[in-house]
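Visitor: Input: one structure, supplied below.
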């Protein structure tokens, strides 16, 4: 893959999202990924990405609440220069929401 590609991965701290972030890192793709509540788990993913030779930024986002989207967009814009760019190349919409059946 060309140098300095950036992926945004929602739900990147667990499950399929985490596997996606880790696989991208092994291919040289830097990531900005979201987590909902478990910051410690997200930091573990950042450490794994860095061990693979890539960069990662973990941002908190509850995809079930649209009120946080504008703030998330601003955080992404602020994080991109630290990854050496002003744009992202890939978007993986992995995060989901669920509710109990009544």
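Numbering (our numbering), first residue to last: 1013 to 1114. Ideal Cβ placement from N, Cα and C applies to all residues, glycine included. The structure displayed is predicted, hence computed values, not measured ones.
#1: In chain order, which beta strand (DSSP E) runs of at least 3 residues are fully inside the segment 1025–1097?
#2: Mapping the DSSP letters down to three states, classify residue 1105 as helix, strand or coil.
#3: According to DSSP, residue 1019 sits in a beta bridge with which residue or residues?
#4: In whole angstroms, give me the CA-to-CA distance for residue 984 and residue 1110.
#5: I'd like the list of long-range same chain contacts for residue 1028, defined as Cβ closer than 7 Å, with 5 residues on each side in sequence excluded.
#6: Would residue 1036 and residue 1067 be called neighbours here (beta carbons separated by less than 9 Å)?
#7: Please check the pair residue 1025 and residue 1063, which I expect to be a contact at CB under 8 Å, by giving their CB distance rounded to whole angstroms.
Guide: In short:
#1: Runs found: 1042–1047, 1068–1072.
#2: strand
#3: 1043, 1102
#4: The structure shown does not extend to residue 984, since the chain is modelled only from 1013 through 1114, so no value can be given for it.
#5: 1106
#6: no
#7: Actually they do not touch by this definition, with Cβ atoms about 16 Å apart.
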